[in-house]
């Protein structure tokens with residue numbers, strides 16, 4: 002972030018102290034939102050957020066910025082619906098413009114099985130408070146400009162669902178809104194500080210060791226993206242996580258409005274138009290577990306072919322940038338939040354490819370957990386215990402997509 | 009990143025031809041049999057550094073090979 006933006010969003014950096022009630026590792030959306038909620042809603046202001054690089058520089062600034070709650074199981078639908086609602090209030094709550102734009106998301110099906118899946122999605126969404134309806138191909142053709150309904154015969158559209166709560170927001174502004182609100186309430190946020198280990202008292206985590214000295218803490222929260230396994234292993238906690246790269250791209254400016262947010266499981270991509278007019282898209286994770294953030298031409302050529310099959314007009318656009326983030330994938334495609342086997346160490350991870358949309362709800366729930374010591378009912382199903390208790394949340398609504 | 013994987017029979021081939029296989033390593037510290045089963049089923053070392061892993065050349069010689077890769081840079085050693 003340059004000086005202009007620092008002045009604009011009034012970020013006030015502080016020096017890292019020696020002791021805090023809560024130390025949050027990772028200055029991405031989840032860490033910042035947790036700090037914000039602790040300070041603003043629970044009066045816990047003796048909080049530090051430690052970021053290795055710059056705030057929002059990891060996956061919080063690399064995602065495709067889609068907000069939605071059209072998941073396939075009751076627990077995720079309820080949780081993400083809370084996030085959809087908190088995103089609606091975020092601008093009035095933080096008094097910062099985050100370019101929140103609720104324009105609806107179309108989820109396309111290309112087979113009979115996909116059509117049945119979208120019907121089921123709409124039913125379960127409505128049952129748990131998310132506004133999703135099943136749509137016939139005719140409605141899709143009317144609703145999405147420039148769509149090629151038979152996708153050159155390869156992926157004919159057989160139906161879909163329309164999720165009215167689908168929205169986008171500017172991801173950097175979301176990070177800054179939470180960071181600024183937290184700073185105003187007295188939270189210390191430091192950049193360029195690397196956590197090298199955790200201070201332990203037996204099993205208990207009592208602080209962090211950084212390249213700028215030791216910091217004692219009543220509670221330590223691991224809120225990093227990509228490197229969650231590395232941080233958790235410092236506390237002796239094993240995670241059911243594999244880290245995979247995910248690539249995304251934007252095209253140059255498309256001069257007309259393309260208002261739909263479109264996703265397709267079978268075609269394996271999702272795209273939307275940014276406020277600058279660019280078409281922003283992403284695809285599946287890369288197959289190998291890796292911490293490398295290099296992008297590749299194979300991804301770009303394959304996704305271009307699929308995008309142009311569905312939207313021939315996009316063949317005229319040029320790819321402006323592509324980039325990669327590294328995603329913490331859990332075995333059941335659901336996040337892992339809450340207490341860990343190590344006392345004093347909390348975790349929010351497994352945000353795979355669906356972390357941005359969850360930032361306000363996860364921040365709210367994690368702050369409640371830290372303030373009260375009791376896991377909120379909303380995130381109880383996402384505890385790390387679920388693997389041992391045979392209560393995993395395998396959800397096709399999130400798999401491989403944003 | 010477009011990984012190219014060195015195959016001892018076929019030469020260097022694109023990752024699209026391959027299936028990745030993790031070599032499961034349940035830590036020796038876990039001694040309870042149920043905990044070991046749980047770890048084998050769900051948990052991962054997810055090493056940030058050099059890993060030993062298996063690759064199956066599905067669209068090539070159809071053999072499993074074992075390789076060492078640095079997960080920070082995606083280079084084979």
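Protein chains in written order, with the numbering used here: chain A, 2 to 403; chain B, 9 to 85.
For glycine and all other residues, C-beta sits at the position ideal for the given N, C-alpha and C.
Suppose you measure from the CA of residue 195 of chain A to the CA of residue 71 of chain A; what does that come to, to the nearest Å?
Answer to the nearest angstrom: the Cα atoms are 37 Å apart.
Output, in chain order, the set of chain B residues within a Cβ distance shorter than 7 Å of residue 288 of chain A.
23 and 28
Which residues of chain A have a Cβ atom closer than 9 Å to the Cβ of residue 80 of chain B, listed in chain order?
Within chain A, the residues near residue 80 of chain B are 291, 292 and 293.
Return the chain-ordered list of same chain residues with a C-beta closer than 7 Å to the C-beta of residue 402 of chain A, the five sequence neighbours on each side being excluded.
Its pLDDT being 48, under 50, residue 402 of chain A is placed unreliably by the model, and the measurement read from it follows with that caveat. 264, 266, 271 and 354, listed in sequence order.
Quick check on residue 153 of chain A: buried or exposed, where buried means 16 or more other Cβ atoms within 10 Å of its Cβ?
exposed
Are the beta-carbon atoms of residue 35 of chain A and residue 367 of chain A separated by less than 7 Å?
yes
Can you name the start and end residues of the beta strand (DSSP E) that residue 264 of chain A belongs to?
In the DSSP annotation of this structure, the continuous segment of the beta strand (DSSP E) that includes residue 264 of chain A starts and ends at 262 to 265.
Do you know whose CA, among A:96, A:16 and A:276, lies nearest residue 178 of chain A's CA?
A:96
Distance between residue 306 of chain A and residue 313 of chain A (C-alpha atoms, nearest Å):
10 Å
Other residues of its chain near residue 74 of chain B: CB distance less than 6 Å, five sequence neighbours each side excluded
62
Based on the DSSP secondary-structure assignment, which residues constitute the bridge partners of residue 107 of chain A?
A:163 and A:263
Less than 7 Å between CB atoms is the rule here; does residue 332 of chain A satisfy it with respect to chain C?
Reference to chain C is not applicable here, since the protein chains of this structure are A and B.
Is the CB-CB distance between residue 26 of chain A and residue 220 of chain A below 7 Å?
no
What does residue 62 of chain B reach in chain A if we use C-beta pairs closer than 8 Å?
In chain order: nothing, as chain A lies at least about 12 Å away.
Partner residues on chain B for residue 1 of chain A, Cβ-Cβ distance less than 9 Å:
The shown model of chain A, from 2 to 403, leaves out residue 1 of chain A, and the question about it has no answer.
Secondary structure of residue 311 of chain A, DSSP reduced to three states
helix
Threshold first: 3 residues or longer. Then list the beta strand (DSSP E) segments lying entirely within the segment 55 to 133 of chain A, N to C.
Runs of beta strand (DSSP E) with 3 or more residues, each lying fully within the segment 55 to 133 of chain A, are found at 106 to 110, listed in chain order.
I'd like to know whether the C-beta atoms of residue 321 of chain A and residue 206 of chain A end up nearer to each other than 7 Å.
no
Comparing C-alpha positions only, which one of A:143, A:160 and A:262 sits nearest to residue 114 of chain A?
Closest by alpha carbon: A:160.
CA-to-CA distance, residue 61 of chain A to residue 55 of chain A, given in whole angstroms:
For residue 55 of chain A and residue 61 of chain A, the distance between alpha carbons rounds to 11 Å.
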